[in-house]
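Novice:
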Amino acid sequence: MRNTRKYVIFTVVAALCLFMAMPVLAQPKGGALMTMDAFTPIAQGYDFVREGKYEAAKNEFAKAVKADRFNPFALNNMAVLEERDGKLNDALANLKDATTQADAYLDKVTQTCFAGGGCLAVKPLREKGEKSSIAPIIQENIQKLQAKIAATGTKPPAGTPPPMVPPKKTIK
101 MRNTRKYVIF TVVAALCLFM AMPVLAQPKG GALMTMDAFT PIAQGYDFVR EGKYEAAKNE
161 FAKAVKADRF NPFALNNMAV LEERDGKLND ALANLKDATT QADAYLDKVT QTCFAGGGCL
221 AVKPLREKGE KSSIAPIIQE NIQKLQAKIA ATGTKPPAGT PPPMVPPKKT IK
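In structure tokens form, the structure reads like this:
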């Protein structure tokens, strides 16, 4: 009888522990939300973009990048403004930098907008998702920007090696 009582108590305690741990286990895996040092200027910069105050927005995104060098939200939004200014190579460089860590940022996107170009600016939400919501937006912006560069014939930046071309076949 005593052994049975021990097993019942042990089983009930184990079940309670598992029940209490379920909310923790259900949370999305991965990193934490971005720091407020980066989030606040990104959100403010996005609001400036919506108001058409592009220089103020650039300053806010620069603050965010200073706080978090590879923040994909800040780099994406800076690229949108550079594209708008015709600095296509700089925009592409920022988007490529943004891809390096984009999958680690699980902050959700609350709004997107056009800033006069083809790419999307984004405003993060202080809420964690299960996977990166910024990574696919950055990839879409890269594709749009590469198409625009090809269509306008923009030259690559100085120091970029020429594209690899296979040698011509000679018929003997």
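All residue numbers for the sequence shown refer to the working numbering, where the first residue is 101 and numbers rise by one. We put the CB at the ideal spot given by N, CA and C, even for glycine.
May I have the straight-line CA-CA distance separating Ala164 from Leu220, to the nearest angstrom?
Specialist: In the sequence shown, the residue the question calls residue 164 occupies position 64. In the sequence shown, the residue the question calls residue 220 occupies position 120. Their backbone Cα atoms lie some 18 Å apart in a straight line.
Novice: Strictly by DSSP, which residues pair up with Thr75?
Specialist: The structure shown does not extend to residue 75, since the chain is modelled only from 101 to 272, so the question has no answer here.
Novice: Between the beta-carbon of Ala162 and the beta-carbon of Phe148, is there less than 8 Å?
Specialist: What you label residue 162 is simply residue 62 of the sequence shown in a count that begins at 1. What you label residue 148 is simply residue 48 of the sequence shown in a count that begins at 1. Their beta carbons are not under 8 Å apart, which means Ala162 does not touch Phe148 by this criterion.
Novice: Roughly how many angstroms separate the alpha carbons of Glu151 and Gln144, rounded to a whole number?
Specialist: On the sequence shown, position 51 is the one that residue 151 refers to. On the sequence shown, position 44 is the one that residue 144 refers to. If you take the alpha carbons of Glu151 and Gln144, they lie about 11 Å apart.
Novice: May I have the straight-line CA-CA distance separating Asn176 from Asp137, to the nearest angstrom?
Specialist: Against the sequence shown, residue 176 aligns to sequence position 76. Against the sequence shown, residue 137 aligns to sequence position 37. Each residue's Cα considered, the two are about 17 Å apart.
Novice: So Lys208 and Glu227 are in contact, right, with Cβ under 8 Å, and what is the actual spacing, rounded?
Specialist: The residue labelled residue 208 in the question sits at position 108 within the sequence shown. The residue labelled residue 227 in the question sits at position 127 within the sequence shown. 5 Å between Cβ atoms; contact.
Novice: Look up Asp203 in the DSSP assignment and say whether it is helix, strand or coil.
Specialist: Residue mapping note: residue 203 aligns to position 103 of the sequence shown, counting from 1. Correct three-state label for Asp203: helix.
Novice: To the nearest whole angstrom, what separates the beta carbons of Ala191 and Ile234, a pair I think is in contact under 8 Å?
Specialist: Here residue 191 refers to the residue found at position 91 when the sequence shown is read from its first residue. Here residue 234 refers to the residue found at position 134 when the sequence shown is read from its first residue. Contact doesn't hold; Cβ gap of about 16 Å is too wide.
Novice: From which residue to which residue does the alpha helix (DSSP H) around Gly145 run?
Specialist: Indexing the sequence shown from 1 puts residue 145 at position 45. Start and end: Met136 to Glu151.
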